[in-house]
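Taking it in order: structure first as structure tokens, then the write-up.
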Amino acid sequence: MDTALIDTLLAKAVERGVTTGVYAMAADREGIVYSGGAGTRDGDAPWGEDTIALLASMTKSVTAVAALQLVEQGAIGLDDPVADVLPELAAPQVLEGYDGDVPRLRPARSPVTLRRLLSHTGGCGYPFLCPDLARYHQANAIPSTREGRLATLVDSPLVGEPGAGFHYGMGLDWVGLAITRITGTDLETRLRERIFAPLGMADTAFRIADRGRLATLHARTPDGLVAIPFEFPQEPELHCAGGGLYGSPRDYLTFLRMIAAGGTLDGTTILTRRTLAEARRSHSGPVGRLVSADPAVSHDIELLPGTPVTWSLLGMRNEARTPQGRPVGTLAWAGGANTYYWADGDTDGAGAAVLFTQIMPFADPDVLGLLAAVERAVRAPARNG
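In my numbering, the protein residues as written are 1035 to 1419.
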């Protein structure tokens, strides 16, 4: 690992206006091997490993682990129709397009299952990736996915046939609702009791743990990075299981170290090795470039250009070794405020890393360039002397 180069990369990113602040951490099976940052979290205080940030879609992997715990307990099966728990999905409609101003809807032919929801093959979409769904939401005054409203899920049609292809979307929000109904416990309590507290992740919650350590979210505009007031509801009707968590780089790296180590970290088992092995394999077909329908939310999404990727039950996985040296089958994904992670498997050294910023829109090309450079430096052989 070239730690001096990582320090330089982060500092230059701030100097060039890529971000106002950034923090990176990396670990191997022995523990943390890099922790450093540059810039400020709020225009004044420096970023630290305990800075609180919006995790956005990095929430999905946490929700998935909580669901897999229930699978281990026999409370739900991966291939059981979820309609037993989520009757709202007993007869879902698929939005196939529009005939003039009239939406073209048809009944789904296949059931929605937990496996399909976790692997984004359940047919659920996001308006920012699907113009027809965005149009449907607007025409029917459906709350945005950020509002924490049950109506967002219940009133949204599917955008694809369950089991027929990959559609990145609200599937993990349905999973969060299923967890709540199965356990009889609100999602935040369930995650705290079964994942966060056992792993010592004190900074991670749907409610902001400490506003004094909260990073400011910025938007990239023609005039540069501009601070924007954005916050997920702190007392929502429904916790956003696909994107509502806040947490620190240190906490999320702890979560990833558990994943990379096979489900057990420092004597605490969150998932069995067998369950995690099943979860890590590919559960989708090829996943191509995701084309954005809302440039204010996201650029087009292709985190590993030129590398074939699929989806596991926990996140994206690469099906070939990357130019950065990422082993085949490494888990990775990101959050809408340009936070990123990867977690190798135990046989690959149990390496894991995070790169946190707090800027929008997602998939910022400059941040992705920084991520690739940092990963190359993390995976570089140690220098002698």
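The beta carbon of each residue, even a glycine, is placed where N, CA and C say it ideally should be.
The structure presented is a predicted model; accordingly, all values stated were derived computationally and were not measured.
Rounded separation between residue i and residue j - CA only
i       : j       : result
Trp1345 : Ala1354 : 13 Å
Ala1185 : Phe1200 : 23 Å
Pro1267 : Leu1112 : 30 Å
Asp1084 : Pro1283 : 7 Å
Ala1386 : Asp1062 : 7 Å
Leu1039 : Gly1108 : 48 Å
Val1408 : Ala1168 : 35 Å
Gly1246 : Ile1262 : 17 Å
Leu1272 : Gly1210 : 9 Å
Leu1221 : Met1092 : 16 Å
Leu1404 : Tyr1374 : 11 Å
Where residue i sits in the DSSP three-state scheme
i       : result
Ala1294 : helix
Val1056 : strand
His1171 : helix
Phe1200 : coil
Asp1062 : strand
Thr1344 : strand
Arg1351 : strand
Pro1191 : coil
Ile1040 : helix
Whole-number beta carbon distance between residue j and residue i, since they are thought to touch under 8 Å
i       : j       : result
Gly1281 : Thr1223 : Between Thr1223 and Gly1281 the Cβ distance is about 16 Å, and since that is not below 8 Å, they are no contact.
Thr1147 : Asp1114 : 6 Å
Ala1411 : Leu1290 : Not a contact, Cβ separation roughly 18 Å.
Ala1313 : Leu1287 : 19 Å between Cβ atoms; not a contact.
Leu1206 : Lys1046 : That belief does not hold up - the Cβ atoms of Leu1206 and Lys1046 are roughly 35 Å apart, past 8 Å.
Ala1098 : Leu1152 : 5 Å
Ala1294 : Leu1337 : Ala1294 to Leu1337, Cβ: 18 Å. No contact.
Phe1396 : Val1325 : So it is not a contact: roughly 13 Å between Cβ atoms.
Proximity to residue i [Cα-Cα], best of the options
i       : options                               : result
Gly1071 : Val1408, Leu1044 and Gly1234          : Leu1044
Pro1161 : Thr1074, Gly1197, Leu1192 and Val1099 : Leu1192
Ala1117 : Thr1054, Ile1216, Thr1250 and Pro1342 : Ile1216
Ile1305 : Ala1142, Arg1228 and Arg1138          : First, the residue type needs correcting, since residue 1305 is Leu and not Ile in the sequence shown. If we check each option's Cα against that of Leu1305, Arg1228 comes out closest.
Asn1372 : Leu1402, Ala1142, Tyr1068 and Gly1157 : Leu1402
Val1096 : Ala1366, Pro1165 and Pro1141          : Ala1366
Arg1413 : Ala1243, Gln1358 and Gly1363          : Gln1358
Gly1073 : Gly1065, Ile1066, Ala1058 and Glu1064 : Ala1058
Minimum Cβ-Cβ distance from residue i to chain B less than 9 Å
i       : result
Pro1395 : Protein chains in the displayed structure number just one, and chain B is not present.
* To do: Jot down the residue ranges of each uninterrupted alpha helix (DSSP H) in the region 1087 to 1151, minimum 4 residues, whole runs only, in chain order.
  => 1093 to 1106
* **Completely contained beta strand (DSSP E) runs for the region 1365 to 1405, where each covers 3 or more residues** => 1365 to 1369, 1373 to 1377 and 1386 to 1390
* To do: Entirely within the region 1240 to 1325 and at least 3 residues each: give me those beta strand (DSSP E) ranges in chain order.
  => Fully contained in the region 1240 to 1325 are the following beta strand (DSSP E) runs of length 3 or more, in chain order: 1252 to 1255 and 1258 to 1261.
* **Runs of alpha helix (DSSP H) lying entirely within the region 1204 to 1242, each at least 4 residues, in chain order** => 1205 to 1217 and 1221 to 1225
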